[in-house]
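Read left to right, the sequence shown gives residues 28 to 464 (our numbering). We put the beta carbon where it would ideally sit given N, CA and C, even for glycine.
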Amino acid sequence: MTDKKATLAVDGLDSPIELPMYSGTVGPDVIDVRALTGKGYFTYDPGFVSTASCESKITYIDGGKGMLLHRGYSIEDLAENSDYLETCFLLLHGELPSQDEYEEFVDIIRNHTMVHESIARFFRGFHYDSHPMAMMCGIVGALSAFYHDSLDINNPRHRLISAHRLIAKMPTLAAMCYKHSQGQPFMYPDNKLSYSENFLHMMFGTPCDDPKVSPTLARAMDKIFLLHADHEQNASTSTVRLAGSSGANPFACIASGIATLWGPAHGGANEAVLTMLNEIGDEKNIDKFVARAKDKDDPFRLMGFGHRVYKNFDPRAKVMKETCDEVLGELGLEDDPLLKIAKRLEKIALEDEYFVEKKLYPNVDFYSGIIMKAIGIPTDMFTVIFATGRTVGWIAHWHEMLTDGYRIGRPRQLYTGEAPRKLASRESRPASQKSSF
Ligand code: CMC
């Protein structure tokens with residue numbers, strides 16, 4: 028809070044409106060516009076480009092500086108010196124764990140990795156070629172039908188149990204989506220393994236052949252989860268908060284986040300990157316696609332480039348690029364034709380005037396898509412993995428909202444439809460007046 032005020036002169040009002048201003052720890056001051064409603068005005072901000080929808084202490088992004096902090100720690104520091112589960116603890120509890128707290132947390136998550144046996148039967152209801160994100164939306168929402176012993180959102184213990192269950196069960200459910208599409212038996216988690224090793228074991232192991240998980244690939248997986256853990260008020264997190272503001276249960280809220288993440292402008296981008304690379308197909312076609320991306324009359328965009336907030340570089344992409352080089356080196360895939368197209372595209376986008384001028388750098392999804400392709404994860408599973416990593420961020424925001432005090436989210440609108448009018452009888456109406464859908 029500061030003593031600063033903003034003064035807004037409004038046509039038609041005799042005196043200007045005074046609005047309070049607040050300062051965060053870092054970042055721009057915000058103007059509290061809540062008093063405007065009482066004066067008969069709304070603010071108009073489609074896409075929420077200038078609107079802070081809440082106060083939060085979890086994550087800070089400075090897009091101009093390419094800075095991403097979780098509870099004050101830089102993403103580079105966490106990626107180098109921490110791991111995914113420790114970062115989960117940090118996001119949920121506000122501080123890094125002591126050694127004992129860390130061990131206890133890892134143990135708790137381990138205890139929750141299995142899912143109710145009936146969930147396996149639930150999976151069998153999905154068609155074999157269902158998109159894994161479609162299954163995830165349904166399955167995670169359905170968890171509230173299996174774990175309704177702790178759904179009281181006003182009970183802190185219930186909230187914590189649901190948080191642990193979600194973090195622990197997401198890799199199991201993600202791997203079950205894959206196994207279902209392959210017609211292979213589901214693999215039970217092996218609790219001797221780390222979080223990321225366990226995920227790879229459930230993905231690629233079978234009851235008759237359970238290959239040893241490569242430490243480099245498990246490390247890469249852990250980085251992918253960690254780098255996606257939270258990203259302040261993005262579309263899916265805002266959706267989770269909005270759903271939570273109605274008092275919905277945590278599994279329903281996280282399912283709404285998964286649905287939002289699915290879109291190609293958000294989490295679906297890593298899948299879209301690989302679809303695009305396949306569409307380009309050959310290095311000789313790259314220039315044609317780059318020209319299309321620059322053409323104002325062509326809706327085509329280079330997937331994996333650009334970001335709403337990062338306008339200089341995406342700090343997650345820097346870490347992911349290093350991991351990408353490590354994984355490609357370990358797997359000896361530097362000459363893979365698709366990955367060669369990706370490398371050429373990256374170089375062009377970093378040098379081409381259009382991309383440089385508009386600050387369209389490769390984002391985290393560009394590199395994570397390449398890594399997952401190299402590991403052998405099918406393209407349609409990419410967003411599921413993003414959702415797995417992001418689950419902790421969604422829960423941390425949901426929990427913060429519930430504990431900080433909240434009102435149901437209810438945006439207003441600038442109405443430009445018809446003024447009040449009377450209904451004419453059907454016989455007297457013109458043949459057709461409908462607008463296209
Ligand atoms: N390829 C070509 N041109 C682009 C691209 C692109 N990937 N991204 C933006 N532009 C152009 C756009 O046409 C516009 O040009 P002009 O000013 O001439 O009209 C300008 O750059 C600004 O674009 P915008 O759509 O106003 O920017 P935005 O902040 O609303 O959108 C974005 C950000 C990420 C949706 C967009 O860059 C995009 O569609 N990128 C591809 C999809 C993608 O990789 N998404 C993953 C984002 S990272 C994961 C996450 O955090 O969710």
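- Message: Is the separation between the beta-carbon of residue 421 and that of residue 271 shorter than 7 Å?
- Response: As a first step, residue 421 is located in the sequence shown; it is residue number 394 there, counting from the start. As a first step, residue 271 is located in the sequence shown; it is residue number 244 there, counting from the start. The answer is no: Cβ separation not under 7 Å.
- Query: How big is the Cα-Cα spacing for residue 350 and residue 441?
  - Reply: As a working mapping, residue 350 is identified with position 323 in the sequence shown. As a working mapping, residue 441 is identified with position 414 in the sequence shown. In a straight line, the C-alpha of residue 350 is about 46 Å away from that of residue 441.
- In chain order, what residues of the same chain lie with their CB nearer than 7 Å to the CB of residue 248, ignoring the 5 residues before and after it? If you number the sequence shown from 1, residue 248 lands on position 221. Result list for residue 248: 223, 226, 227, in chain order.
- Among 242, 212, 245, 255, which residue has its Cα nearest to the Cα of residue 234? Residue mapping note: residue 234 aligns to position 207 of the sequence shown, counting from 1. Nearest option by C-alpha distance: 212.
- Query: Under the rule that 16 or more other beta-carbon atoms within 10 Å means buried, what is residue 181, buried or exposed?
  - Reply: The count along the sequence shown starts at 1 and reaches residue 181 at position 154. Under this definition residue 181 is an exposed residue.
- Query: Got a sec, what are the start and stop residues for the alpha helix (DSSP H) residue 87 sits in?
  - Reply: Translated into the one-based positions of the sequence shown, residue 87 becomes position 60. Residue 87 -> not in any alpha helix (DSSP H); beta strand (DSSP E) instead, spanning 86-89.
- Query: Measuring from the CB of residue 36, is there a heavy atom of ligand 1 at a distance below 6 Å?
  - Reply: Against the sequence shown, residue 36 aligns to sequence position 9. Not under cutoff, so the answer is no.
- Task: Output the boundary residues of the alpha helix (DSSP H) element that contains residue 242.
- Result: Translated into positions along the sequence shown, residue 242 becomes position 215. Element bounds for residue 242: 242-254.
- Is DSSP giving residue 216 helix, strand or coil here? Taking the first residue of the sequence shown as position 1, residue 216 is located at position 189. Here residue 216 sits in coil by DSSP.
- Considering residue 118, what are the terminal residues of the alpha helix (DSSP H) in which it resides? Position 91 of the sequence shown, counting from 1, holds the residue named residue 118. Looking at the DSSP string, the run of the alpha helix (DSSP H) that includes residue 118 is 111-120.
- Query: Tell me, which residues are paired with residue 389 by DSSP?
  - Reply: Residue numbering aside, residue 389 sits at position 362 when the sequence shown is read from its first letter. According to DSSP, which records beta bridges pairwise, residue 389 is partnered with 332.
- Query: Is the stretch 326-340 close to the stretch 83-94, with three or more CB pairs under 8 Å?
  - Reply: yes
- In chain order, what residues of the same chain lie with their CB nearer than 7 Å to the CB of residue 36, ignoring the 5 residues before and after it? Position 9 of the sequence shown holds residue 36. Same-chain partners within the cutoff: 43.
- Query: Any idea which residues DSSP pairs residue 97 with across the strands?
  - Reply: Working through the sequence shown from its first residue, we reach residue 97 at position 70. 86, 100, per the DSSP bridge assignment.
- Task: Give the secondary structure of residue 461 by DSSP, where H, G and I count as helix, E and B as strand, and everything else as coil.
- Result: For this step, residue 461 is matched to residue 434 along the sequence shown. In this structure, residue 461 counts as coil in the three-state DSSP scheme.
- Query: Exposed or buried, residue 364, counting other C-beta atoms within 10 Å across all chains shown (16 or more means buried)?
  - Reply: In the sequence shown, residue 364 corresponds to position 337, counting from 1. So residue 364 ends up on the exposed side.
- Query: How would you write the range of the alpha helix (DSSP H) that residue 35 sits in, first residue to last?
  - Reply: Counting from one through the sequence shown, the residue named residue 35 turns up at place 8. Segment 32-35 is the beta strand (DSSP E) holding residue 35; no alpha helix (DSSP H) there.
- Message: Short of 7 Å in beta carbon distance, which residues of its chain neighbour residue 173, apart from the five on each side in sequence? Order them along the chain.
- Response: Here the question's residue 173 lines up with position 146 in the sequence shown. Within the same chain, residue 173 has close Cβ partners 143, 145, 146.
- Message: Looking at residue 436: is its Cβ nearer than 7 Å to the Cβ of residue 297?
- Response: By one-based count along the sequence shown, residue 436 stands at place 409. By one-based count along the sequence shown, residue 297 stands at place 270. No, Cβ-Cβ distance for residue 436 and residue 297 is not below 7 Å.
- Query: So who's on the other strand from residue 52, going by DSSP bridges?
  - Reply: Within the sequence shown, numbered from 1, the residue matching residue 52 stands at position 25. Bridge partners of residue 52: none, in fact.
- Verify the contact flag: residue 332, CB atom, against every heavy atom of ligand 1, threshold strictly below 6 Å. Position 305 of the sequence shown, counted from the first residue, corresponds to residue 332. Yes - ligand 1 has a heavy atom lying nearer than 6 Å to the Cβ of residue 332.
- Query: Closer than 6 Å: is that where the CB of residue 335 sits relative to any heavy atom of ligand 1?
  - Reply: Along the sequence shown, read from residue 1 onward, the residue named residue 335 stands at position 308. Checking the Cβ of residue 335 against ligand 1 gives yes.
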